[in-house]
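Residue numbers (the numbering used here), protein chains in the order written: chain A, 1 to 319; chain B, 320 to 645. Below is one structure, written out as structure tokens, with a few remarks after it.
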Amino acid sequence: MTLSNETLISWYKKMLHTRFFESQVDAFFAKGMIHGTTHLSIGQEAFAIGSTAALHADDLITSTHRGHGECIGKDADLNRMMAELMGKSNGYCKGKGGSMHIADLEKGNLGANGVVGGGFAIAVGAALTQQMKKTGKVVLCFFGDGASNEGSFHEALNLAAIWKLPVVFMCTNNHYGMSMSVARSTAVANIADRAASYEMPGITVDGNDPIKVYEATLAAVERARSGVGPSIVEGITYRWLGHSKSDANRYRTKEEIEAWKERCPIKAFEKYLIKSNVISQQESDEITAGAKDVIARAVEFAQQGSYPGIETLEEDVYA
Amino acid sequence: MTMALITYKEAVRQAMQEEMRRDENVFLLGEDVGVYGGAFGVSLGMVEEFGEERVRDTPISEGVIAGAAAGAAVTGLRPIAEIMFSDFITIAMDSLVNQAAKMRYMFGGKAKVPMVLRMPGGSGTGAAAQHSQSLEAWLVHVPGLKVVMPSTPYDVKGLLKTAIRDDNPVVFIETKTVYNKKGEVPEEDYVIPFGVADVKRVGRDVTVFATGVMVHRSLEAAEILAKEGIDVEVIDPRTLVPFDKETLVKSVIKTGKLIIVHEACKRGGFGGEVAAEVMESEAFDYLDAPIKRVAGKNNPIPYCMELEKSAVPQVDDIVNAVREIV
Chain A
1 MTLSNETLIS
11 WYKKMLHTRF
21 FESQVDAFFA
31 KGMIHGTTHL
41 SIGQEAFAIG
51 STAALHADDL
61 ITSTHRGHGE
71 CIGKDADLNR
81 MMAELMGKSN
91 GYCKGKGGSM
101 HIADLEKGNL
111 GANGVVGGGF
121 AIAVGAALTQ
131 QMKKTGKVVL
141 CFFGDGASNE
151 GSFHEALNLA
161 AIWKLPVVFM
171 CTNNHYGMSM
181 SVARSTAVAN
191 IADRAASYEM
201 PGITVDGNDP
211 IKVYEATLAA
221 VERARSGVGP
231 SIVEGITYRW
241 LGHSKSDANR
251 YRTKEEIEAW
261 KERCPIKAFE
271 KYLIKSNVIS
281 QQESDEITAG
291 AKDVIARAVE
301 FAQQGSYPGI
311 ETLEEDVYA
Chain B
320 MTMALITYKE
330 AVRQAMQEEM
340 RRDENVFLLG
350 EDVGVYGGAF
360 GVSLGMVEEF
370 GEERVRDTPI
380 SEGVIAGAAA
390 GAAVTGLRPI
400 AEIMFSDFIT
410 IAMDSLVNQA
420 AKMRYMFGGK
430 AKVPMVLRMP
440 GGSGTGAAAQ
450 HSQSLEAWLV
460 HVPGLKVVMP
470 STPYDVKGLL
480 KTAIRDDNPV
490 VFIETKTVYN
500 KKGEVPEEDY
510 VIPFGVADVK
520 RVGRDVTVFA
530 TGVMVHRSLE
540 AAEILAKEGI
550 DVEVIDPRTL
560 VPFDKETLVK
570 SVIKTGKLII
580 VHEACKRGGF
590 GGEVAAEVME
600 SEAFDYLDAP
610 IKRVAGKNNP
620 IPYCMELEKS
630 AVPQVDDIVN
640 AVREIV
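Printed below as a string of structure tokens:
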């Protein structure tokens, strides 16, 4: 598969944006500038960016509580994302949604979700719209390994399969549902194995390699778009940070975390891009500095925003 | 206006058919809604007119029925999803409460979720504890949902059309024991706005506020009481969210007495909310007696028909409650 240098560089930038965005969120959270809870995907960037790269601009996604990467993959405005996390009225949801509810309907992002497994049925319904209206669009439904033990997973996959809906179920397998490992929580070795129950293809790929993720997703997306039906694409990756801010990592070892940090998807991709003569080290450094600037500007935008007025409290409950 | 005498069930079907003819984005999905016609035969014949694409049989998967309706709604369709018995809403609660009801607010007003979740509610069929509940109070409690509970063929048709045209998730609770009851319904297109109560019987001595099948029992009770010289006003809110407080308050100011009748368990029921609304209103000063609630007992619905009857208010219970208050 030939991917243009421009494409590969755009992925690299998005992976860096995700990393720096979340590093900044982590720092702000520690200072109390971002509140509530936040779920960071540092270490998982390749799966979010490689998969969304296989979509057309008007395709759709549903994502999860750990969904910043998918938002960025779907071309979200980082300024409005940061503003939303800071609870500002110039944020994506006017400060009413926060990290777990960023949605950008115009760009096909039907929303992150605060409920594990909450996005399956919505994705299936969105795919039904595409099928009934013959739009040719596809829905990527992101979920984690833990969500595959929710009943909604099974209801949705079955419905998508019998109706041959244009949806691809994208499993970010980061090994843990909060503290519960996949080995302890799940009766099958790979989440993609569950596809067999619904007579759909299931493929497990290295979730830290954006090109492998892209290729697997593209095949599933093309299958869905042509009307053949849904698939599962599972990427094996790792969450470097805790589940959320209260996590003391009692359920895993430092050695395990360090070993996965050695397999950093961004470092590995940088190495690949340099080795393949897509960019030089110097260009990579410039791109990295540029990505940091983008996040700094997002912070500035967010800080300039105002908090929503009390008069907005009861707005938008009903249409 | 030309009127036709049709059943409640036919009124529901006509509302769906007319809206599906009017707007190609409207479609029906649910368990056995196709050739079977739905568990109560409400959608009988619809698949023949609209095809399997728009009258969709689903697997027995209430969670995804409600959730897919939300997903379809937020992307431009106007689904009507049937939940076979209102009791099974428990299985669809995440889709309805955490997803559909909150999307618009969570997303800062960007989303519209024009979906209707139809479900038959209530007891009286001898079907025991898992097929007989009245769970409207749970749903009324959730910001973002509208809750409709029509009692007559005229109301059910006009309100279902409004529900289908509404841009919010609407929970539409059908009164299953009146599915075969007939009533006059205009042959022309009409809609009934949400939030407008209907005074089903004008009276001056006591206000009886009733929902669902209790509207009919209250009207029967009113006729019995009329013979005793007691003039009962019966108010049917028709929609619980939005709620027409004004009509009720006006009536209570006139009569000075309020009895609230519903089938759902008294504890935590909608009646408590109605009573509180009146107590907080200008009608408080006009009350000549404590507000009375005539409601279901705080137990599951039992199987034995005699026990079942005693679990929810009957005509006699309403008659007695009125006699005690006037």
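From the three backbone atoms N, C-alpha and C, an ideal C-beta is built for every residue, glycine too. These numbers were taken from a predicted model, which means no experiment stands behind them.
> glutamate 507 (chain B) and threonine 321 (chain B): beta carbons closer than 8 Å?
Replying inline: Closer than 8 Å, so yes.
>> Residues of the segment 61 to 81 of chain A in Cβ contact with chain B at a cutoff of 9 Å, in chain order, please.
In response: The residues in question are Thr62.
>> Assuming alanine 529 (chain B) and valine 580 (chain B) are in contact, meaning their beta carbons sit under 8 Å apart, how far apart are those beta carbons, in whole angstroms?
In response: That pair is a contact at about 4 Å.
> Is there a Cβ from chain A that is less than 8 Å from the Cβ of lysine 310 (chain B)?
Replying inline: A question about residue 310 (chain B) goes unanswered here, because the residues of chain B that appear run from 320 up to 645.
>> Could you pull the DSSP bridge partners for glycine 202 (chain A) from this structure?
In response: Bridge partners of glycine 202 (chain A): A:Ile232.
> Mind checking alanine 259 (chain A): buried by the 16 CB within 10 Å criterion, or exposed?
Replying inline: Per the 10 Å Cβ criterion, exposed.
> In the structure shown, what three-state DSSP assignment does arginine 437 (chain B) receive?
Replying inline: Note: arginine 437 (chain B) maps to strand in three-state DSSP.
> Which residue comes first and which comes last in the alpha helix (DSSP H) that contains glycine 67 (chain A)?
Replying inline: In this chain, glycine 67 (chain A) is not harboured by any alpha helix (DSSP H), its DSSP state being neither H nor E.
>> Strictly below 9 Å CB to CB, what residues from chain A border arginine 423 (chain B)?
In response: Asp316, Val317, Tyr318, Ala319, listed in chain order.
> Taking Cβ-Cβ distances shorter than 7 Å, what residues in chain B pair up with tyrosine 92 (chain A)?
Replying inline: At a C-beta separation below 7 Å, tyrosine 92 (chain A) has these neighbours in chain B: Gly427.
> Are phenylalanine 142 (chain A) and phenylalanine 120 (chain A) close, meaning C-beta to C-beta below 8 Å?
Replying inline: In this structure, phenylalanine 142 (chain A) keeps its C-beta atom at 8 Å or more from the C-beta atom of phenylalanine 120 (chain A).
> If contact means a Cβ-Cβ distance below 8 Å, which residues of the segment 446 to 470 of chain B contact chain A?
Replying inline: Residues passing the 8 Å Cβ filter: Pro462, Gly463, Lys465.
> The alpha helix (DSSP H) with arginine 520 (chain B) in it runs from where to where?
Replying inline: Annotation: arginine 520 (chain B) is outside any alpha helix (DSSP H); the continuous beta strand (DSSP E) that includes it extends over 517 to 520.
>> Does the contact criterion of 3 or more C-beta pairs under 8 Å hold for the segment 122 to 133 of chain A versus the segment 441 to 451 of chain B?
In response: Under the Cβ criterion (8 Å, minimum of three pairs), the segment 122 to 133 of chain A does not count as touching the segment 441 to 451 of chain B.
>> So for alanine 248 (chain A), helix, strand or coil by DSSP?
In response: Under the three-state reduction of DSSP, alanine 248 (chain A) is assigned to coil, being neither helix nor strand.
>> Taking its Cβ as the centre, do 16 or more other Cβ atoms sit within 10 Å of aspartate 285 (chain A), making it buried, or is it exposed?
In response: Burial call: exposed.
> asparagine 90 (chain A) bridges to which residues according to DSSP?
Replying inline: Per DSSP, none; premise fails for asparagine 90 (chain A).
> If threonine 38 (chain A) sits next to serine 244 (chain A), beta carbons under 8 Å apart, how far is it from one beta carbon to the other, in whole angstroms?
Replying inline: Their Cβ separation, rounded to whole angstroms, is 7 Å, which keeps threonine 38 (chain A) and serine 244 (chain A) in contact under 8 Å.
>> Helix, strand or coil, according to DSSP, for leucine 85 (chain A) in the structure here?
In response: The answer is helix: DSSP assigns leucine 85 (chain A) an H, G or I state.
> Who are the near neighbours of arginine 536 (chain B) in its chain, counting only those whose CB is closer than 8 Å to its CB and skipping five residues on each side?
Replying inline: So the qualifying residues of the chain are Ala529, Val580, Pro632, Gln633, Val634, Ile637.
> Can you list the residues of chain B that histidine 101 (chain A) reaches, using a CB-CB cut of under 7 Å?
Replying inline: Under the 7 Å cutoff, chain B gives Met425, Phe426.
> What is the rounded straight-line gap between the Cα of lysine 616 (chain B) and the Cα of alanine 630 (chain B)?
Replying inline: Answer to the nearest angstrom: the Cα atoms are 5 Å apart.
> What number of angstroms, rounded off, separates the C-alpha of leucine 85 (chain A) from the C-alpha of asparagine 173 (chain A)?
Replying inline: Cα-Cα distance, rounded: 25 Å.
> By the criterion of Cβ-Cβ separation under 8 Å, what are the contact partners of valine 182 (chain A) in chain B?
Replying inline: By Cβ distance, chain B contributes nothing, its closest Cβ being about 23 Å from valine 182 (chain A), past 8 Å.
>> Run through the DSSP bridge pairs and tell me what phenylalanine 142 (chain A) is partnered with.
In response: Per DSSP, A:Met170.
> Can you name, in chain order, every residue of its own chain whose Cβ lies under 6 Å from the Cβ of valine 571 (chain B), other than the five neighbours on each side?
Replying inline: These residues qualify, in order along the chain: Thr526, Leu577, Val597, Ala602.
> Comparing alpha-carbon positions, which option in A:Gly111, A:Ile310, A:Ala296, A:Ala319 lies nearest arginine 19 (chain A)?
Replying inline: Closest by alpha carbon: A:Ala296.
> Around the C-beta of glutamine 304 (chain A), are 16 or more other C-beta atoms found within 10 angstroms, so that it is buried, or is it exposed?
Replying inline: Exposed.
>> Using the Cβ count rule (16 or more neighbours within 10 Å means buried), how would you classify methionine 624 (chain B)?
In response: Result: exposed.
> Under a CB-based cut-off of 8 Å, is alanine 30 (chain A) close to chain B?
Replying inline: Not one chain B Cβ lies under 8 Å of alanine 30 (chain A).
> From arginine 437 (chain B) to isoleucine 620 (chain B), what does the alpha carbon distance come to, in whole angstroms?
Replying inline: Whole-angstrom Cα-Cα distance: 21 Å.
>> Measuring straight from C-alpha to C-alpha, what distance separates leucine 105 (chain A) and arginine 520 (chain B)?
In response: When rounded, the distance between both Cα atoms is 48 Å.
>> Assuming glutamate 565 (chain B) is part of the alpha helix (DSSP H), what are its boundary residues?
In response: Where glutamate 565 (chain B) is concerned, the enclosing alpha helix (DSSP H) stretches over 564 to 574.
>> Let's see if you can read the secondary structure: which residues bound the beta strand (DSSP E) around glycine 591 (chain B)?
In response: From DSSP, glycine 591 (chain B) is part of no beta strand (DSSP E) but of the alpha helix (DSSP H) over 589 to 598.
>> In whole angstroms, give me the CA-to-CA distance for lysine 500 (chain B) and glutamate 582 (chain B).
In response: Rounded to the nearest angstrom, the two C-alpha atoms are 18 Å apart.
> What residue does the alpha helix (DSSP H) around leucine 273 (chain A) start on, and which one ends it?
Replying inline: 265 to 275 is the span of the alpha helix (DSSP H), which, as asked, contains leucine 273 (chain A).
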